[in-house]
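> Residue 16 is where the sequence shown starts when you use the numbering used here, and the numbers rise one by one after that.
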Amino acid sequence: MFEDELFDVSSMSGAYWSSNAQLVSWCEKGSVEETLAALEGRLVAKGWVGVSSDSSSCRSFVKSEGAYRWAFASAAQVGEETSVVLQWSGTKDGGE
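Next comes the structure, spelled out in structure tokens:
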């Protein structure tokens, strides 16, 4: 279900998944800005809409349909890579 609603992280560097905590983390090469822009592109392709924020290292996303309706990403530069933590929440009728 995660891959259907969000995206596949299985091939990403250092991917960690916790369905109980409703979060996933991974690392990507590039800056925080580049990584969050790529994440936004993946989520928009799945029907998500970005919510504006004053922070350059965090992004929120919402969706009106599906099992997951809210997602929040936080990113930090770690050497040449960016570490990302993405948390999501579901709906009463099917989201985890």
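C-beta: ideal position from N, C-alpha, C; glycine also.
This structure is a prediction, so every number in the text was calculated from the model and none was measured.
Using the Cβ count rule (16 or more neighbours within 10 Å means buried), how would you classify residue 83?
By the 10 Å Cβ count, residue 83 comes out buried.
> Taking C-alpha atoms, which residue in 36, 37, 29 lies nearest to residue 43?
Minimum Cα distance to residue 43 is reached at 29.
> Output yes or no for whether 8 Å exceeds the beta carbon distance between residue 91 and residue 24.
No, they are not a contact pair.
> Find the nearest neighbour of residue 87 within the set 76, 26, 27, judged by alpha-carbon distance.
The shortest C-alpha separation from residue 87 is found at 76.
> Taking 8 Å as the limit between beta carbons, can you name the residues of its chain near residue 96, skipping five residues before and five after?
Within the same chain, residue 96 has close Cβ partners 28, 42, 43, 44, 45.
> Any idea what DSSP makes of residue 100, helix, strand or coil?
Strand, per DSSP.
> Using 10 angstroms around the beta-carbon of residue 20, count the other beta-carbons present and answer buried if the total reaches 16, otherwise exposed.
Burial call: buried.
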